[in-house]
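K.L.:
According to my numbering, the sequence shown is numbered sequentially starting from 1196. Beta carbons are placed, not taken as given, at the ideal position from N, Cα and C, and that holds for glycine.
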Amino acid sequence: MRREIRIRTVARESLEEITAQVQQVVQSLGVDVGLCHLFVPHTTAGIIINENADPSVCRDILEVLGRLVPRDGRYHHLEGNADAHIKAALVGNTVWIPVDRGGLALGRWQGIFLAEFDGPRERRVIITVLPVGEKGDGSSA
Ligand code: ZN
């Protein structure tokens, strides 16, 4: 089962929490036990799972990525957004989350964040939910 959500980012760099939107989509699909795969089809944005209780954590993540990959560093890519490509490569563009009792089985402090590195833009997240067979379906010996 596949769905897509769109997120309008508002700054060049930000971590936009999308947990509620993803949870809503997953719950609407009616899969009791399974895996949720999230894919960001962009080269200057990515996706991470991290703490959603203290916003300082997101701020620290962006600041450290900025120190590791400065915007005005020396790069071969001449579009002016080489840092954004590298940051997106570092954070990755997929995550997997277990689905249990029809919803995302995230840890207590975990949230899902679209990582924008070259906004503001409209971004897409493709959500695929795969049911996982339980005992008795013949899939395990
Ligand atoms: Zn580029």
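In whole angstroms, give me the CA-to-CA distance for GLU1211 and GLU1311.
P.N.:
8 Å
K.L.:
In angstroms, rounded to a whole number, what distance separates the CA positions of GLN1218 and GLY1328?
P.N.:
21 Å
K.L.:
What are the partner residues of TRP1291, as DSSP defines its beta bridges?
P.N.:
HIS1232
K.L.:
Please look up how many angstroms separate the CB atoms of PRO1315 and VAL1205, rounded, as I've assumed it's under 8 Å.
P.N.:
5 Å
K.L.:
How about THR1214: is its Cβ closer than 8 Å to a heavy atom in the ligand ZN?
P.N.:
no
K.L.:
Would a C-beta distance cut-off of 9 Å place ILE1202 and LEU1309 closer than the cut-off?
P.N.:
For ILE1202 and LEU1309, yes; Cβs fall inside 9 Å.
K.L.:
Quick one, which of ILE1322, GLN1305, GLU1317 has its alpha-carbon nearest PRO1250's?
P.N.:
GLN1305
K.L.:
In three-state terms, what does DSSP make of LEU1273?
P.N.:
coil
K.L.:
Rounded to whole angstroms, what is the Cα-Cα separation between GLU1274 and LEU1285?
P.N.:
One C-alpha to the other measures close to 19 Å.
K.L.:
Quick check: is any heavy atom of the ligand ZN less than 8 Å from the C-beta of GLU1274?
P.N.:
yes
K.L.:
In three-state terms, what does DSSP make of ALA1300?
P.N.:
Reduced to three states, the DSSP call for ALA1300 is coil.
K.L.:
Among PRO1265, CYS1253, VAL1220, which residue has its Cα nearest to the Cα of HIS1232?
P.N.:
VAL1220
K.L.:
Return yes when the C-beta of HIS1348 is under 8 Å from any heavy atom of the ligand ZN, and no when it is not.
P.N.:
Because the chain spans 1196 through 1336 in this model, residue 1348 falls outside it and cannot be assessed.
K.L.:
Ignore the nearest five residues each way along the sequence and tell me which others in LEU1299's own chain have a CB closer than 7 Å to its CB.
P.N.:
VAL1217, GLN1218, VAL1221, CYS1231, ILE1292
K.L.:
HIS1272 to ARG1296, Cα distance in whole Å?
P.N.:
46 Å
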